[in-house]
Amino acid sequence: MMFFLKLIQSIGVGALSISVGLLFMGIGRKITARIHRRYGPPAIQNFIDVFKLFSKNSISHGFAYDLGIIAGTSALLAAVVFLPVGQINLFPANSSLIMILYLMTMAYLGMAMGVSSSGNPNATIGISRALTMMMGYKVPFAAVIFSVYIFARTGSLTNIIAAQSGGLLNWNMIRLPFGFIAAEIALQGMLGEKPFDMAIAPAEIASGPMVEMSGKYLGFGMLQHAVGIFLETGIMVNLFMGGAPNVWIFVIKQFELFFIALLVNAILPRFRVEEGVSFMWKIPLLLGVIQALIVVL
Amino acid sequence: MRNDTPILVKKITALSLITILMVGFFWAFTEMPKGSSVNVNNRVSRLYILKNVKAATKSLNSGNFFAKGMKPLRSDVPYSPITFGKSANLEDGAANVVTSIVVDYRGFDTLGEVTVLFLAATGVAMLFFGKRKKNIIKAQASLIMSVGTRIAYAVILLFGIYIFVHGHLTPGGGFPGGAVIASGVLGLFLGNDHYESNHLGLKLFESLSGMAFVIIGLTGLFSVNSFLANFLPTGVIGDLYSAGFIALIYIAIGMKVGAELSAVVDSMIVDTEEEWS
Amino acid sequence: MSIFNNAALLIGVPLLFAFSIPLFGLISKQLTKWVTLLTISFNATFSLYILLAHKYPSIVVMGNWLPPFGENLYIGPVAALLVSLISVMGLLIAIYNLWSIKKGDVTRFSVLFLMFTAGASGMVLTGDIFNLFIFMEITGISSFALAAYGPEKRALGGAFKFLVVSSIGSTLYLLGVTLIYTQLGTLNIAEIAARINQTTPGLLTFAGVLIVSGLAVEAELFPFNGWVPDTYTGAINGVSAALSGIGAVSGVYALFRIAMTVFGKDGTYVSSYGNLNFMAVIAVLATATVVIGELSALTQKNVKKMLAYSSMAQMGLVAVGLSIGNELGVYGGIFQLVNHSIAKTMMFLILGVLVASGVGENIDDFRGLWKRSPFLSLAFSVGAFSMLGFPLFGGFWSKFAIVGASIQRGGWYDFIIGLVLFASIVEAFYYLRIVGYMFSSDSKFPKLKTPWTPTIPIFILAVSIIAIGVFPQIVGTFSAQAASEFTHKMSGYVLNVIPTIAAH
Amino acid sequence: MNSNLIWLVFTPLIGSAIAAILYNYKFLDRLITFSTFAITLFLVFGTHVGQTYSMNLNFMGRMIPLSWNVTHLSIFMLYISIVFGTILTFYSLMDRSRMKGFLLLLILAANNWIFTTNDMVGFFFAWELMGWASIVSVLGGRKERKSRHAALYYALMSIGGSYSMFFGLFTLWRLTGSFSISSNLAYLSSIVGVHPWWVLGIVSLFFVTFMIKAGIFPFHTWVPMAYAYAPDTFTPFLSAVMSKYGIYGMLLFLPISLMEKGMPTVFGLPWVNYIFVWIGVITAVLGTVLAFFQDDVKKLFAYSSLSNLGYIVAAISLFTSVGVTAGIYHAFNHLLFKGALFITLAAVISRSGTSKLSEMGGLWKKMPVTFFTFFIGIASAAGIPPFNGFGSKWLIYQSMIKQHLLFATILLFLASTGAFLYLFKAFHSIFLGQLSHNYDNVKEVPVIGQIVEYLLMFAMIFFGIQPGYILRPVGLIVKSVGLNPLAVMGNGYVTGMFSNVDMPLIGWSLAISFVFGFILFFISAKHKYVSQEDNYTAGQIPQDWGLTPETYQFSWKFYEPMEKLFAPFYRIKIDGFFRGLGDWTRITGSAVKQVFVGNAQIYTLFAVVGLIILVIAGWVA
Amino acid sequence: MMQEFLQNYVYLIGSMSLIGIGLYITLTDENIFKIIVGLNIIESGTNLFMVAIAWYPKAVMPIYTLTNKLSINGKVIAADPLPQSLVLTAIVIGLGTTALALTIGIKIFEKYGTLDVRKIKEAGR
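Residue numbers (my numbering), protein chains in the order written: chain A, 2 to 298; chain B, 5 to 281; chain C, 2 to 505; chain D, 171 to 791; chain E, 181 to 305.
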């Protein structure tokens with residue numbers, strides 16, 4: 002009975018993450034368009050796109066391709082159920098942040114496997130760039146995470162949230178300002194927004210990983226991006242903004258973070274890969290290390 | 005020090021090294037017994053001279069030879085005075101004490117010594133082994149030389165034999181005797197341009213006399229139960245027929261050394277050409 | 002004191018036959034090699050009988066004059082073991098010589114080889130300090146002549162170098178012996194050993210320096226070993242094998258008989274009387290030998306020369322082991338001596354077979370030897386592994402004991418063994434390089450036809466290396482007894498020769 | 171009954187002898203090897219903790235006691251090594267590489283001896299046996315010259331290591347007069363407070379050996395060469411099992427650090443341990459960084475092994491209960507996934523005939539089972555839950571953070587992320603991307619190979635979601651070294667310091683989301699399969715862009731941007747020190763050789779100079 | 181004074197000088213035969229040294245003859261015969277070594293074409 006309850010709740014969280022993610026993407030397109038002095042598509046455009054894509058015939062390059070692309074979405078969905086979303090915390094005893102981060106890696110692996118098995122070099126170049134960039138942002142992010150771990154004396158998101166309870170001043174955002182800034186820059190990289198969007202740079206490598214995707218495959222790709230946005234901003238909210246008493250506030254907090262990312266995305270040009278990584282290893286890492294020193298000493 | 009060191013440097017180095025070495029030696033000599041304080045009675049030679057080794061052995065076996073602190077009491081060993089021509093049946097009958105040491109007390113050394121010479125001769129012959137060339141005549145020997153050497157050869161041979169036969173009585177012995185004989189052979193080579201030694205004879209002499217020495221030794225082993233032991237009566241000191249097997253051994257040595265040195269002379273004089281094919 | 006006079010046959014029989022070989026040579030040249038072989042096999046049988054029937058410790062009285070008045074041979078555990086080793090090695094090399102010595106003066110070569118073996122045995126057996134000199138000269142002269150044998154001119158150069166250095170060495174030895182005689186009035190090793198502290202310390206030191214320097218020439222210790230590379234390289238392979246497997250054994254024996262028994266002062270670690278501790282001096286010389294030998298061998302492209310340098314270094318290792326001076330160290334040193342003798346003899350013999358079948362001496366010629374002659378390359382590797390101290394090969398146990406003993410001793414021996422182990426890594430490099438070359442498959446040359454005569458000794462030696470590696474007690478038992486003889490000079494040596502010397 | 175400990179050593183030796191006789195008949199050799207491994211496994215079933223046995227070895231008339239003692243650690247190591255060996259030898263039945271079964275059996279004998287012995291003589295002997303057998307095994311690689319070079323390098327390092335141990339064990343013997351490991355360790359623990367530097371010196375002699383065998387930072391240089399050029403079927407054993415000997419040795423000696431009261435501490439750790447943590451971290455990072463750009467796949471995974479051993483060392487050096495648990499657990503995980511990876515590599519290399527990443531590609535269609543095994547292997551290696559590599563990595567981070575070793579942890583995380591990068595590079599270059607036409611006829615590995623691969627896949631998933639089966643014995647080991655074991659809540663849980671991970675839950679979550687993914691996939695519109703060449707750029711000919719078929723595969727410079735980033739790293743030649751040492755030795759050798767000028771006169775001069783020096787010494791003395 | 185010097189040191193100085201001269205020749209002269217001569221001189225020095233330690237002032241020869249008494253009142257007055265016998269041996273050994281050395285020298289001249297000791301070596305070290 003318990004199992005089915007959790008199952009249904011999990012499905013709910015998954016659906017929530019997909020819809021919120023798609024919504025954010027749509028809003029993001031709109032906002033970016035407005036910044037660019039365009040009208041832009043409606044906010045629900047991405048829902049429409051997904052339905053459209055899933056109903057179109059498509060080509061595939063073999064079972065590894067299928068499997069990889071399914072894995073990309075599914076693994077993120079599997080990870081998202083462990084994320085405390087407002088009052089919904091399905092597995093409070095089992096919300097280790099590192100576990101969630103590693104589970105997300107499964108998604109990258111699946112995605113990378115799928116698109117690489119297509120044999121298109123552009124896709125592989127995209128993957129290579131994405132992975133290189135991942136190396137860049139993971140390190141400052143890890144510095145921040147470990148600072149938080151030591152600061153909060155816990156590694157479970159549930160407990161981290163609990164440690165920040167009691168008002169704005171208890172938020173890690175305030176207590177660990179350098180760490181928050183570092184994590185914010187890392188988030189920019191995680192979301193793949195400019196200036197760190199070299200993986201999908203359409204002008205150079207024909208959208209990189211997505212180059213061979215069509216129909217439902219592209220649909221899965223969008224779903225994955227949507228869940229990814231939800232998951233990543235969700236982690237940030239839980240880490241630095243003290244979680245949320247309910248889902249709505251949680252989503253609003255997520256949107257705040259996403260909004261900042263969008264603004265940066267809209268106004269900045271793109272880094273080269275190695276520039277991006279070295280930037281990540283200079284400023285955010287420095288901030289993260291300063292934060293860590295403050296915490297440790 | 006390298007191959008191309010200038011000769012002056014070499015000489016100076018050598019000189020300084022040798023100087024240091026000499027200083028070391030002389031420093032050591034200051035601790036040595038001075039010539040005036042050498043005392044044969046403190047040495048094992050006393051026993052050889054007085055021919056009382058058997059008595060010493062007896063005292064050794066009874067535990068009286070070594071005093072406290074392991075000092076040997078060589079002067080306390082009883083001895084009977086030896087009179088030349090009278091004392092008989094001594095443990096060693098040679099009047100010449102050096103000979104008695106060389107052949108009897110330390111006969112094993114001598115066997116080794118003979119072997120060394122034999123090996124040297126063998127080595128020389130081995131290295132010069134090859135096809136014999138015709139003798140290249142460097143300088144024609146004069147008539148006097150060629151006749152004189154032949155006559156002298158007989159005398160020299162006889163003298164050599166005399167020396168080794170009387171080894172146990174007078175200074176001399178197998179080695180000087182053999183060397184004397186070889187000098188006769190050398191004379192033959194010098195005096196006669198076409199002289200060729202009798203190789204088979206030399207070989208026979210060399211081998212048989214050497215074997216004789218060992219066989220005498222082995223006889224000692226099987227008769228007296230000790231290798232190179234004197235198994236013959238020693239007679240009266242001073243007699244020609246005395247001193248047991250010393251004379252026999254010296255005869256063997258004499259013949260052997262004579263043959264060997266002759267062979268050495270032969271191989272060195274006669275030019276050979278190597279053949280390894 | 003037990004007397005075993007028949008053991009004089011160990012010297013007498015080879016001498017008899019050495020003198021008679023020229024006569025056999027009149028019949029047939031090939032016969033002489035067989036005479037040598039049979040004589041040495043008599044020696045080997047007899048010495049093995051002495052060793053296995055435990056006929057030691059006993060003395061052989063020469064001329065019926067008991068020590069310390071006459072000359073004697075002393076058959077202790079050391080002598081029994083080393084004479085057996087020397088004779089067996091001599092026998093195996095004689096078998097090899099049946100095949101290898103076909104040209105030149107075969108008769109005289111046989112004489113010299115026989116006397117080389119007998120002389121080395123005599124050196125090990127003798128109980129008289131001057132007699133030791135004579136046997137040294139017998140060994141020396143026969144080895145000069147043997148080393149000069151052969152069609153190549155480098156043989157002569159090597160022999161000449163050996164001769165010059167060795168003459169200086171024996172002169173020094175003789176001077177030292179004379180100095181000791183002026184002090185003690187005797188030449189018997191046992192008596193000198195017992196009474197060595199009755200001498201003037203300064204003169205004793207000086208005599209010791211002379212004797213140690215003189216014997217270090219034969220024991221191949223730096224800086225007295227200049228002759229080693231050239232002589233080993235110059236000589237034909239059978240002779241090189243004999244020099245390293247027989248000559249070096251007796252040289253090291255003589256050195257340590259003098260340093261440990263004659264000059265030695267019993268203790269936990271044997272030291273020596275006199276102002277200078279000769280054991281320490283030897284340890285320093287030996288370490289220098291190991292390091293210099295291995296480093297010089299490192300860049301050799303010529304395998305024979307490499308083996309020569311390695312031989313030198315191994316003798317240094319033996320000397321390091323013996324110079325530690327406790328039972329474990331001496332055990333290791335003697336064990337290492339046996340192992341080195343077996344392995345190096347085998348490697349030189351293999352090299353001889355290879356060179357005779359047209360493989361060069363250069364390391365590049367060893368490429369792909371495994372395909373060309375599996376047996377020889379396997380045997381060579383076995384020897385190399387034994388040198389390196391590969392477990393399950395003979396060398397392991399001896400190296401183990403030597404290192405163990407030096408560390409047990411501690412102090413500056415830690416430093417020495419550190420250097421030695423560094424040198425061993427260098428050694429490992431060049432031996433493994435050869436082994437690697439042999440087992441590479443890039444060879445274009447046809448298979449070698451290996452004659453069967455020389456493979457007999459090689460096979461026996463290879464098998465014995467592995468046998469010793471698996472059952473170290475084959476050598477270890479005797480080596481342990483030998484160690485006890487070396488480290489207890491009174492009970493191990495003097496009292497067996499002159500039982501009544503310490504009656505009071 | 172305790173004599174079965176002896177048989178643990180002797181059975182493989184006997185097997186080895188038989189196999190050596192039959193080594194020309196490859197299949198028989200392998201069969202005997204496999205069956206000996208299986209028999210040994212049965213013998214291990216009969217072994218239990220606390221069993222002891224002793225016998226005396228006659229060494230120069232003195233009895234040296236050889237003793238055996240089975241501890242929790244030893245039985246754990248025995249099981250994992252022998253089970254893996256059995257699987258590997260089963261795989262090797264149908265294998266074409268030049269691995270010699272009898273050498274593997276010699277290593278097995280040494281393996282059993284090392285893990286069960288309680289005396290240093292036996293330990294040393296077995297260590298040497300293992301070292302030499304593995305050196306000879308390395309010789310049989312595909313590239314002969316290179317494997318010879320690698321074996322030589324390995325041999326020199328290994329000899330250096332064993333001499334170091336030699337020194338250490340005899341030093342201990344000098345101090346205690348005993349060879350027994352347990353009593354010597356007790357002795358060291360008892361004097362560590364009084365003479366910490368002494369103990370440090372002795373222990374470091376042993377640690378040098380262990381670090382060389384495990385390939386830890388300053389001594390790692392042999393690892394890539396030896397792993398890469400060893401026979402393909404032997405490399406799994408080398409990486410999975412043999413690197414653990416060093417870890418085992420370190421675990422034996424680490425409890426001493428508990429007693430180090432006199433030593434100054436850093437972050438609550440004795441500073442020696444602190445240094446070792448950093449050595450581990452440096453190894454991990456170094457392995458990762460160097461693995462990025464390898465073109466030889468075995469070399470790449472060799473560096474990966476290096477990196478993982480760095481993790482293990484860092485964790486066990488902490489010597490806290492989490493640390494040791496994590497270290498041993500990671501040792502097991504590394505054994506499993508790296509074994510599996512190297513076995514699949516062997517399969518791939520045997521089929522494709524090359525180990526160059528740039529020459530392979532697109533093999534996934536041809537070798538699906540191998541592909542999946544490799545996939546799960548790299549997922550494990552990257553630490554992706556619920557596969558088996560995750561739990562230990564997670565514990566390692568926790569143990570490090572517990573000690574507030576923040577920088578070390580960040581660097582380890584960097585290494586882990588980097589691991590994902592190079593693992594994917596290998597994955598991509600072998601299995602994904604374009605299939606070269608050279609490999610059109612490549613087939614899946616034979617049935618035996620497939621069975622082994624299924625088995626390994628199963629094991630990686632099973633031990634991933636049921637870590638309790640490993641954590642319980644690890645807990646016993648942790649208890650036996652004197653630490654509090656971590657609580658094991660159930661077979662599925664990994665219990666950490668800060669939180670728990672419920673591995674089956676993750677498994678369920680993944681499985682269910684996959685089901686949903688598949689449902690979505692199948693209910694949506696149809697798809698059709700097209701060939702790989704039929705893609706977005708299908709109309710273009712690669713040559714037009716100046717690309718060759720190899721570069722079209724895009725594995726040529728997979729992480730080109732990284733090369734610029736890590737350029738400073740590459741300027742530090744790590745093995746430069748050892749090469750420099752070698753060169754220096756060689757130059758010294760050439761110089762020393764000049765002593766022997768070949769001139770009799772100068773040799774005489776030497777002798778005279780030597781004499782004079784001695785005379786002067788005697789004079790002075 | 182003079183007598184004491186003669187009795188105590190003259191033989192020793194003589195023998196040491198011979199050894200020194202021989203060594204000097206061996207170390208500096210490059211001709212093989214001269215080196216052999218040097219070795220021979222060293223040997224002579226050694227032999228002289230050995231004989232010198234046997235002799236002491238007023239010693240008689242160690243041979244029993246009708247007139248020659250070797251001991252008076254239990255005190256031996258003869259020169260020490262043992263070193264003399266050793267010298268005998270040493271001389272013969274020296275002879276053998278010299279013969280062999282000369283032979284090798286001759287063969288070296290035949291094969292190397294030189295008597296310069298520096299040139300008797302192989303190319304590679």
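Where a beta carbon is used, it is the ideal one built from N, C-alpha and C, also for glycine.
On a predicted model such as this, the values are computed, not experimentally measured, just so you know.
Residue-level contact to chain A via CB, residue i, 8 Å cutoff
{"i": "residue 247 (chain D)", "result": "no"}
Any C-beta of chain D under 8 Å from that of residue i
{"i": "residue 249 (chain E)", "result": "no"}
{"i": "residue 274 (chain A)", "result": "yes"}
{"i": "residue 162 (chain C)", "result": "yes"}
Residue i, DSSP secondary structure in three states
{"i": "residue 235 (chain D)", "result": "strand"}
{"i": "residue 265 (chain C)", "result": "strand"}
{"i": "residue 135 (chain B)", "result": "strand"}
{"i": "residue 49 (chain A)", "result": "helix"}
{"i": "residue 556 (chain D)", "result": "coil"}
{"i": "residue 127 (chain C)", "result": "strand"}
Within-8 Å CB hit, residue i to chain C
{"i": "residue 302 (chain D)", "result": "yes"}
{"i": "residue 226 (chain E)", "result": "yes"}
{"i": "residue 367 (chain D)", "result": "no"}
Where residue i meets chain B, residues with beta-carbon distance less than 8 Å
{"i": "residue 109 (chain C)", "result": "126, 127, 129, 130, 133"}
Interface residues of chain C facing residue i [CB-CB closer than 7 Å]
{"i": "residue 239 (chain B)", "result": "Residues of chain C passing the Cβ test: none, with the nearest at roughly 18 Å."}
Distance between beta carbons of residue j and residue i, contact taken as under 8 Å
{"i": "residue 377 (chain D)", "j": "residue 453 (chain D)", "result": "Between residue 453 (chain D) and residue 377 (chain D) the Cβ distance is about 13 Å, and since that is not below 8 Å, they are no contact."}
Residue i at chain B interface by Cβ criterion, 8 Å
{"i": "residue 785 (chain D)", "result": "yes"}
{"i": "residue 192 (chain E)", "result": "yes"}
Partners in chain E for residue i, counting only beta-carbon separations shorter than 8 Å
{"i": "residue 19 (chain B)", "result": "204"}
Proximity test, residue i beta-carbon vs the ligand SAH heavy atom, cut-off 7 Å
{"i": "residue 737 (chain D)", "result": "Among the ligands in the structure shown, none appear at all, so the ligand SAH cannot be discussed."}
- Which residues, taken in chain order from the segment 768–782 of chain D, show a beta carbon closer than 8 Å to some beta carbon of chain E? 768, 769, 770, 771, 774, 775, 778
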